[in-house]
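Trainee:
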Amino acid sequence: MSQTRAETLALLSRYYDAFAEHDHQAMLDCLSDNVEHRINQGPVEHGKAAFTAFMQAMDTAYEETLTEMVLFANDAGSRAAAEFRVLGKYLKTAEGYPEAHGQRYNLPAGAFFDIKDGKIARVSVYYNAEDWVAQVS
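Structure (C-alpha cells):
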C-alpha cells in the first residue's frame with residue numbers, strides 16, 4: 001500500500017500527539033507489528049512488546065516534553081524525519097549515568113522513520129548523549 005507525503009505527516013503527528021498525551025496505546029497503533037527501534041547509542045530492538053517496555057522504562061526515569069517540532073517526509077511518504085527539542089526532568093538513575101535527583105535538561109534531537117503499509121516500520125532517535133550527561137551532572 002502506498003502512502004502519500006500528507007498521510008505520512010499525519011501519521012507522525014498522531015504519533016507525537018500520543019507521546020505528548022502519554023498515550024502508549026495510541027503510539028503503538030502508529031507502529032508496524034515488527035517495528036525496528038534504533039535507540040540513541042543503544043541497541044536495536046524489534047516489535048511492539050520491546051517498544052512498550054522501552055516506553056515504560058522511559059516514563060519511570062524521565063519526564064519529557066517535546067517542543068519546536070518540525071516534521072518532514074519525502075514525496076513518496078516512505079521516509080520521514082522529525083526535529084525537536086526535548087525539555088526533560090531526570091527522575092530515576094540510569095545504569096552507568098549520573099545519579100538522578102530531578103535535574104532538568106534541554107536537548108536538540110531528531111528522529112528518522114521508515115513508513116510501510118501506513119505504519120511506522122522504523123524509528124531511529126538521535127541526540128547528543130554527552131550534552132545530556134553534562135546537563136544532568
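Heads up, the sequence shown stops at 137 in the UniProt record's numbering, and the numbers go up one at a time, no gaps. Using N, Cα and C, we set each Cβ at its ideal position, and we do this for glycine too. Small disclaimer: the values here were computed from a predicted structure and weren't measured.
(1) Which runs of the beta strand (DSSP E), 3 residues or longer, sit entirely within the stretch 79-119?
(2) State the CB to CB distance for the pair residue 54 and residue 37, rounded to an integer number of angstroms; the pair is presumed to be in contact (CB under 8 Å).
(3) Only counting the same chain, and skipping five residues up and downstream in sequence, which positions put a Cβ closer than 6 Å to that of residue 14?
(4) Expressed to the nearest angstrom, what Euclidean distance is found between the alpha-carbon atoms of residue 103 and residue 66?
(5) To the nearest angstrom, how far is it from the Cα of residue 133 to the Cα of residue 83?
(6) Over the uninterrupted beta strand (DSSP E) stretch that includes residue 73, give me the two end residues.
(7) Which of the three DSSP states, helix, strand or coil, is assigned to residue 22?
Mentor: Straight from the coordinates:
(1) 79-90 and 104-116
(2) 7 Å
(3) 30
(4) 17 Å
(5) 20 Å
(6) 62-73
(7) coil
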